[in-house]
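Novice:
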Amino acid sequence: MSDPSLHTRTAQAINFGLLAARSSDAIARAGSQALSLEDQAILGKAADFLHQAAQGAEFIASGTQSGGSAFASTEALGYALRPVESLDAVLRGRQAPLVFSELETAVREIAAGHSASVDVNTLNAVRLFFDRLYTSLLGMIEHNRLRPSRHDLKVGLGYHA
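For the record, in the sequence shown the residue sitting at position 149 is 149 according to my numbering, with numbers rising by one throughout.
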């Protein structure tokens, strides 16, 4: 038997990884051409992801959940925390909920076709965040792929249950 929670986490990581890669590509195109409806939809989902991460960070910081699911928001935060922490220039001692909210606002502006109104440093930070999110999730998927299941461990240890 395989570990169903591992499969669920891997599927979610693949889902968020594809979203991260497609978001980064759409943001890169936004500076030089009009976004397609598909790009706008992808960036809308990316902004929703960042909103969930902001809610998760707020939940962890305050202990209160402001709408939505605490599970979904902390799950999004779990995926997004390492990539955002790697953006030292973006954090500058600020709290994670604020940083995620600012990234969300920037993505919504880009999706609306207003990338020119987004500060170039913020634009670069958003794209870098999604690049690093993709890299982080790719590493997680590879780790899960190489991790033996509980059944494999039992067989390897001589148990035949």
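Beta carbons are placed, not taken as given, at the ideal position from N, Cα and C, and that holds for glycine.
Computed from a prediction, not measured in an experiment: that's the story for all the values here.
Checking 8 Å against the spacing of the C-beta atoms, do SER115 and ALA30 come in under that value?
Specialist: Taking the first residue of the sequence shown as position 1, residue 115 is located at position 115. Taking the first residue of the sequence shown as position 1, residue 30 is located at position 30. A contact, by the Cβ cut-off of 8 Å.
Novice: Leaving out five residues before and five after THR122 in sequence, what residues of the same chain have Cβ atoms less than 6 Å from its Cβ?
Specialist: On the sequence shown, position 122 is the one that residue 122 refers to. For THR122, where only same-chain residues beyond five positions count, the Cβ hits under 6 Å are ALA106.
Novice: Taking LEU128 as the reference, give the member of THR10, ASP88, ARG145 and GLY67 with the closest Cα.
Specialist: One-based indexing of the sequence shown puts residue 128 at position 128. Out of THR10, ASP88, ARG145 and GLY67, ASP88 has the C-alpha closest to the C-alpha of LEU128.
Novice: Excluding the 5 residues preceding and the 5 following GLU109 in the sequence, name in chain order all residues of the same chain whose CB lies nearer than 8 Å to its CB.
Specialist: Residue mapping note: residue 109 aligns to position 109 of the sequence shown, counting from 1. SER115, SER117 and VAL118.
Novice: Compare the beta carbon distance of GLY56 and SER73 with 8 Å and say whether it is the shorter of the two.
Specialist: As a first step, residue 56 is located in the sequence shown; it is residue number 56 there, counting from the start. As a first step, residue 73 is located in the sequence shown; it is residue number 73 there, counting from the start. Cβ distance < 8 Å, so GLY56 and SER73 count as in contact.
Novice: How is the alpha helix (DSSP H) around ARG108 delimited, first residue to last?
Specialist: As a first step, residue 108 is located in the sequence shown; it is residue number 108 there, counting from the start. Residues 96 to 111.
Novice: Report the three-state DSSP secondary structure of GLY93 (helix, strand or coil).
Specialist: In the sequence shown, the residue the question calls residue 93 occupies position 93. The answer is coil: DSSP assigns GLY93 none of H, G, I, E or B.
Novice: What does a CB cutoff of less than 6 Å around GLY156 pick up in its chain, not counting 5 residues either side in sequence?
Specialist: Stepping through the sequence shown from its first residue, residue 156 is reached at position 156. Because the pLDDT at GLY156 is just 48, under 50, the model does not fix this residue reliably, and the point stays unresolved.
Novice: Check LEU18 in the structure and name its three-state DSSP category.
Specialist: Start at 1 with the first residue of the sequence shown, and residue 18 comes out as number 18. Helix, per DSSP.
Novice: If SER36 sits next to TYR134, beta carbons under 8 Å apart, how far is it from one beta carbon to the other, in whole angstroms?
Specialist: Here residue 36 is taken as the residue at index 36 of the sequence shown, counted from 1. Here residue 134 is taken as the residue at index 134 of the sequence shown, counted from 1. Actually they do not touch by this definition, with Cβ atoms about 20 Å apart.
Novice: Evaluate the contact criterion for the stretch 9 to 21 versus the stretch 50 to 66: three or more CB pairs, one atom per stretch, below 8 Å.
Specialist: Counting Cβ pairs under 8 Å, fewer than three are found: no touch.
Novice: Can you name, in chain order, every residue of its own chain whose Cβ lies under 6 Å from the Cβ of PRO83, other than the five neighbours on each side?
Specialist: In the sequence shown, counting from the first residue as 1, residue 83 sits at position 83. Excluding sequence neighbours, PRO83 sits near PHE129, ARG132, LEU133 and SER136.
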